[in-house]
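Enquirer: So the protein sequences, as listed, match chains E and Y.
First residue of the first sequence: 1076, per this note's numbering; consecutive thereafter.
First residue of the second sequence: 17, per this note's numbering; consecutive thereafter.
Where is the CB? At the ideal position from N, CA and C, for every residue including glycine.
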Amino acid sequence: MRTAFLQGNEACAYGALAAGCRFFAGYPITPSTTIAETMARELPKVGGVFIQMEDEIASLAAVLGASVGGLKAMTATSGPGFSLMQEHIGYAVMAEIPCVIVDVQRLGPSTGQPTSPSQGDVMQARWGTHGDHPIIALSPTSVRECFDLTVTAFNLSEKYRTPVILLMDAVVGHMREKVILPAPEELEIIDRARPNVPPEWYFPYEETASDVPPMANFGDGFRYHITGLMHDRAGFPTQRLDEINAWLTRIFRKIDAHVDDIAITEAINVEHARTLVIAYGCTARAAKEAIYMCRRHRVGLLVLKTLWPFPKDQVLLAAHEAQRVVVPEMNMGQIALEVERLVGRSKVRRVRRADGEMITPQEIRAAIEYKE
Amino acid sequence: MATQRQLIYDYLRHKKKFPNIWCAGCGIGIVMGAIIRAVDELGYDKNQVAMISGIGCSGRMPVYLDFYTMHTTHGRALSFATGLKLARPELKIIVVMGDGDALAIGGNHFIHTARRNIDLTAIVINNATYGMTGGQYSPTTPQHMLATTAPYGNIEQDFPICELAQVCGAAFVARSTVYHVEELQGYIEQGLEKKGFALIEAVSYCHTTYGRLNRLGSAVDMMRALKENSVTRQTAEKLPPEELQGKIVRGIFVDREVPEYTQLYQKIIERAQSGGKA
C-alpha cells in the first residue's frame, strides 16, 4: 500500500507496471503523452523496454511483436492515433495476441480539440477495425480506477488472448487525485496459459475447453506460424469453410460466454429506482453528484466500467423497475444506442455534449427531473 | 554443405502442404533457397531463427519454413520485428519484404528501422511491381514502363533501395539478383552475422504480370536479362555514366560498425537500475 498524488495517466502507467507490463511502444500525442513519458522512465528500472516508434501503426506492431516474444506489452494514444491503430487491433484479434491499447479520448473527429475531453471513441473501440470481431473495452472514472482497470485490462488480455482497449478521457487522464495504491501482493495478476505439451504436439489455435488455446513464446522452441489470414489450428492459412467457421465462432464464444467475468459495473441505489442514470468515464463523476442532488426521487446510478462486451444483464437488472433511463455521455449518443436497444427507446433520455466541456451534474439533474 | 534433400527435410515444414503459392518460374523461391542455405551454412539452430514478412507474394515465404514465423500486415513487418527483437534479443530475425511492401506502404518503417540500426536482416525482393494484385506500378518500377495502373507509362522516379538504406544508417547494405544466387547467399550470410540493421536487395522479376505487360518475355528471358544487365560495383566504377544507365549494380555498398540498438538499450537498463548514473 502506498499513498500518492497522481495523474490518471501516471496511475495507468503504474498499473501497467504492476500488472507485469515490460514493453511499451508509442508515439507522442496529447492527452496521452504522460503515459509514454512515465513508461520511458520506469520501464528500464524493472528491466523492461520502452521505444518511441515513428507512428501509431508501428507502435502497435512493435507491441504485438514483443507480446509474441513473451512480454506483456502496451501502447497509449488518443483519437487520431487510435484511428491509425485499427489495422493492428484487427491483427491482434485474428492472431489472438494479448496486448493493451490505451486511448485517452479527446474531442474529434480529426485533430478536433486536442486538450479537451470526449467520449467519442466508444463505437470506434467496438467497430473500428474491419471485419466482424469481439472486443473488450474498459473505462475508468477516477485516478485509482486508471490503475485498477489497467491491471484488469492486462489480466483480461492474457486470460482471453485478445487486445483490450482502455478508454480513458482527457479528464481522468490529466486529473490529479490522492490515491492509495495496492501493494503488489494484494493484486491478482493473470499470465497467459503456456503450452504443456512438447513442441511437436503444439497447435497454437487448437479448440480447447476454455476456447483460449495456450500461447507459446517465439524463442522457446515452439516453431509455429502466425498470420492475419484465416488459419487452421496449426496457424496455416486455410480457405476451408469448416475451419473458418470454427475459428470465427470460437473467437466470439471466448468473449461472449464470459461476459459475467468481463463485465464490471458499479450500482448505486438501483433497487426500486424509478429513474436510472447509466454513465461511464468522467461523466459518471457528474452523474454521482446528480443522483445525490435528486436523492428524494428514487434515482439510481449504474456506472459502466466495462463498455464492451456491453454489460447487458447488469443494465437490464438495474433498469427493470425504471420508468426513465438517463444516459449522459460526451458524444452525440453512442452507449445510449445500446441502452435503447435493451430498455426501449421511449424510456431513454440522452444527455449529450460533444463540445469538449464536461457534462455538469445540473444538466443530468435536469434530465432526471424533466416533465414530459 | 548439406545435400538439397537434407536441406528440404531440415528446413521446410513437414505439416505444410505444397506446392507453394508462387507462379512457376518466380524468383522468390530462389531467395528462399538462398536463405535456407545461408542459415544452414552459418550453423544456426532453428530455435534461434525467426522470419517475419509483410503482405504480397514475398509475404507468403515464412509459412513454408520451419522457424518462428509471422506473416504480418502490409508494410509493417519491420515494426513487428522491432518489437520481437527487443523482447528476444537473442533471436536471429530475418524480415522478408517486397518492393511495394517495404518502400511504399512500409517506407516510413523502412527508413526509421534502418536509422535505429536494430539487429535485423531485411531482405527486399525487388520485382518492380505489385505481383499479387496483378501488376500495378511500385516505388521501384522504372520510369516509362507499363503497369495496370500506368497504362500510358509510369511517370514516377524509382526508389534506389540500397542508397536509401545507406543514408538512413544501416550497418550492412548489399544488392544481388536471383540469377547470382551464390553471391546473394553470401550477402545474406554476411547480413545475418552483422550486428545491426542489414539490408539485402534481391533483384528479381515478375514475368506473370510486369513482364507480360512490358513484353519482356518468359521467366527465362527475364532471368537472362538479370545476368546481362548487371555489373559488379568494381566494374561499375570504371564505366562511364551513360553506359551504367539501366544497369543493376551488384555488390556490398555498406559494411560498417554502428552501435546497435538492443545493445544501447541494455546500457539504458543498466543506467536506470543504477539510479540514473552512467
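1) Grab the span of the alpha helix (DSSP H) containing E:E1415 for me, first residue to last.
2) Counting only C-beta atoms, is E:V1138 closer than 8 Å to chain Y at any point?
3) Consider the Cβ of E:R1298: report whether some Cβ of chain Y lies at a distance smaller than 8 Å.
4) Does the beta carbon of Y:N63 sit closer than 8 Å to a beta carbon anywhere in chain B?
5) So, using beta-carbon positions, are E:P1259 and E:A1086 closer together than 8 Å?
6) Locate the beta strand (DSSP E) running through E:A1258, then write down its first and last residues.
7) If contact is defined by three or more beta carbon pairs under 8 Å, each pair taking one atom from either stretch, is the segment 106–116 of chain Y in contact with the segment 1149–1161 of chain E?
8) When the Cα of E:H1395 is compared with those of E:L1412, E:K1329, E:R1349, which residue comes out closest?
9) Of all the residues that make up the segment 32–49 of chain Y, which are near chain E by a beta-carbon distance shorter than 7 Å?
10) Beta carbon of Y:Q152, beta carbon of Y:A163: below 8 Å?
11) Counting only Cβ pairs nearer than 7 Å, list the residues of chain Y close to E:L1316.
12) Hey, would you say E:V1400 sits closer than 8 Å to E:V1378, going by beta carbons?
13) Relative to chain E, which residues along the segment 127–149 of chain Y have a C-beta separation below 7 Å, given in chain order?
14) Quick one: list the residues of chain Y neighbouring E:E1129, beta-carbon separation under 7 Å, in chain order.
15) At which residues does the alpha helix (DSSP H) containing E:D1336 begin and terminate?
16) In chain order, which beta strand (DSSP E) runs of at least 3 residues are fully inside the segment 1310–1369 of chain E?
17) Can you pull out the residues from the segment 1304–1337 of chain E whose beta carbon lies closer than 8 Å to at least one beta carbon of chain Y?
18) Using CA coordinates, which residue listed in E:G1375, E:D1178, E:R1269 is at the minimum distance from E:P1106?
19) Assuming Y:L180 contacts Y:I127 under a Cβ cut-off of 8 Å, what Cβ separation, rounded to an integer in Å, is found between them?
20) Is it buried or exposed for Y:D135, if we count other Cβ within 10 angstroms and need 16 for buried?
21) Closer than 7 Å by C-beta to Y:R92: which residues in its own chain qualify, once you throw out the five before and the five after it? Chain order, please.
22) Residues in the same chain with beta-carbon distance under 8 Å from Y:T48, minus the five sequence neighbours each way, listed in chain order, please.
23) Verify whether the separation of the beta carbon atoms of E:C1096 and E:F1278 is less than 8 Å.
24) Is there a Cβ of chain Y sitting closer than 8 Å to that of E:P1119, yes or no?
25) Please say whether E:I1126 and E:M1160 have beta carbons closer to each other than 8 Å?
26) If we cut at 8 Å on Cβ distances, does E:I1301 have a partner in chain Y?
27) Rounded to whole angstroms, how far is the Cβ of E:G1303 from the Cβ of Y:H160, which I believe are closer than 8 Å?
28) Kindly indicate if chain Y contains any beta-carbon less than 8 Å away from that of E:Y1277.
29) Does the Cβ-Cβ distance between E:I1211 and E:I1330 come in under 8 Å?
30) Do we get a CB-CB distance below 8 Å when we pair E:A1088 with the residues of chain Y?
31) Does the Cβ-Cβ distance between E:T1216 and E:R1360 come in under 8 Å?
32) Return yes when the Cβ of E:C1369 is within less than 8 Å of the Cβ of E:R1440, no when it is not.
33) Whole angstroms are fine: how far does the CA of E:M1305 sit from the CA of Y:G227?
34) Counting beta carbon pairs with one atom in the segment 1181–1199 of chain E and one in the segment 1316–1333 of chain E, are three or more of them shorter than 8 Å?
35) Relative to the C-alpha of Y:L280, which candidate in Y:S220, Y:N230, Y:N133 has its C-alpha closest?
36) Compute the Euclidean distance between the alpha carbons of E:N1084 and E:M1243, then round it to the nearest angstrom.
Expert: Concretely, from the data shown:
1) As a working mapping, residue 1415 of chain E is identified with position 340 in the first sequence. Residues 1410–1418.
2) Start at 1 with the first residue of the first sequence, and residue 1138 of chain E comes out as number 63. At least one chain Y Cβ lies under 8 Å of E:V1138.
3) Here residue 1298 of chain E refers to the residue found at position 223 of the first sequence. Yes, contact with chain Y.
4) The displayed structure is made up of protein chains E and Y, and chain B is not among them.
5) The sequence position of residue 1259 of chain E within the first sequence is 184, counting from 1. The sequence position of residue 1086 of chain E within the first sequence is 11, counting from 1. Not closer than 8 Å, so no.
6) On the first sequence, position 183 is the one that residue 1258 of chain E refers to. That residue, E:A1258, is in no beta strand (DSSP E); it is neither H nor E in DSSP.
7) no
8) Taking the first residue of the first sequence as position 1, residue 1395 of chain E is located at position 320. Among E:L1412, E:K1329, E:R1349, the Cα nearest to that of E:H1395 belongs to E:R1349.
9) K32
10) Position 136 of the second sequence, counted from the start, is the residue given in the question as residue 152 of chain Y. Position 147 of the second sequence, counted from the start, is the residue given in the question as residue 163 of chain Y. Using a Cβ distance threshold of 8 Å, Y:Q152 and Y:A163 count as a contacting pair.
11) Your numbering for residue 1316 of chain E matches position 241 in the first sequence. Going along chain Y, no residue has its Cβ under 7 Å from E:L1316, so there is no contact; the nearest lies around 17 Å.
12) Taking the first residue of the first sequence as position 1, residue 1400 of chain E is located at position 325. Taking the first residue of the first sequence as position 1, residue 1378 of chain E is located at position 303. Contact flag unset, no.
13) Residues passing the 7 Å Cβ filter: H128.
14) The residue you call residue 1129 of chain E lines up with position 54 of the first sequence. Within 7 Å Cβ-Cβ: N124, H125, H128.
15) The residue you call residue 1336 of chain E lines up with position 261 of the first sequence. 1334–1337 is the span of the alpha helix (DSSP H), which, as asked, contains E:D1336.
16) 1340–1343, 1350–1354
17) L1304, A1309, F1311, P1312
18) One-based indexing of the first sequence puts residue 1106 of chain E at position 31. Nearest of E:G1375, E:D1178, E:R1269 to E:P1106, Cα basis: E:D1178.
19) For the purposes of this step, residue 180 of chain Y is taken as residue 164 along the second sequence, with counting starting at 1. For the purposes of this step, residue 127 of chain Y is taken as residue 111 along the second sequence, with counting starting at 1. Yes, Y:L180 and Y:I127 are in contact; Cβ-Cβ is about 7 Å, under 8 Å.
20) Start at 1 with the first residue of the second sequence, and residue 135 of chain Y comes out as number 119. It is buried - the Cβ of Y:D135 has at least 16 other Cβ atoms within 10 Å.
21) Within the second sequence, the letter at position 76 stands for residue 92 of chain Y. Excluding positions up to five away in sequence, the list reads G70, G122, H125.
22) Stepping through the second sequence from its first residue, residue 48 of chain Y is reached at position 32. Correcting the residue type first, residue 48 of chain Y is Met in the shown sequence and not Thr. Closer than 8 Å at Cβ, skipping near neighbours: M77, Y80, L81.
23) Against the first sequence, residue 1096 of chain E aligns to sequence position 21. Against the first sequence, residue 1278 of chain E aligns to sequence position 203. No, Cβ-Cβ distance for E:C1096 and E:F1278 is not below 8 Å.
24) Looking up residue 1119 of chain E in the first sequence gives position 44. E:P1119 counts as touching chain Y.
25) Along the first sequence, one-based indexing puts residue 1160 of chain E at 85. Along the first sequence, one-based indexing puts residue 1126 of chain E at 51. In this structure, E:I1126 does not lie closer than 8 Å to E:M1160 by Cβ.
26) Taking the first sequence and counting its residues from 1, the one referred to as residue 1301 of chain E is at position 226. Cβ-Cβ to chain Y under 8 Å: yes for E:I1301.
27) The residue labelled residue 1303 of chain E in the question sits at position 228 within the first sequence. The residue labelled residue 160 of chain Y in the question sits at position 144 within the second sequence. Not quite, the Cβ-Cβ distance comes to about 35 Å (not below 8 Å), so this is no contact.
28) One-based indexing of the first sequence puts residue 1277 of chain E at position 202. Chain Y, which has no Cβ nearer than 8 Å to the Cβ of E:Y1277, makes this no.
29) As a working note, residue 1211 of chain E is residue 136 in the first sequence. As a working note, residue 1330 of chain E is residue 255 in the first sequence. In this structure, E:I1211 sits near E:I1330, with a CB-CB distance shorter than 8 Å.
30) Against the first sequence, residue 1088 of chain E aligns to sequence position 13. Answer no: the Cβ-Cβ gap between E:A1088 and chain Y never drops below 8 Å.
31) On the first sequence, position 141 is the one that residue 1216 of chain E refers to. On the first sequence, position 285 is the one that residue 1360 of chain E refers to. Yes; because the gap between Cβ atoms is below 8 Å, this pair is in contact.
32) Taking the first residue of the first sequence as position 1, residue 1440 of chain E is located at position 365. Taking the first residue of the first sequence as position 1, residue 1369 of chain E is located at position 294. Yes; because the gap between Cβ atoms is below 8 Å, this pair is in contact.
33) Residue mapping note: residue 227 of chain Y aligns to position 211 of the second sequence, counting from 1. Residue mapping note: residue 1305 of chain E aligns to position 230 of the first sequence, counting from 1. Cα to Cα, Y:G227 sits roughly 31 Å from E:M1305.
34) At 8 Å Cβ cutoff, the stretches do not touch.
35) Counting from 1 along the second sequence, the entry for residue 280 of chain Y is found at position 264. Shortest Cα-Cα distance from Y:L280 to any of Y:S220, Y:N230, Y:N133 involves Y:N133.
36) In the first sequence, the residue the question calls residue 1084 of chain E occupies position 9. In the first sequence, the residue the question calls residue 1243 of chain E occupies position 168. Distance between the alpha carbons of E:N1084 and E:M1243 is about 9 Å.
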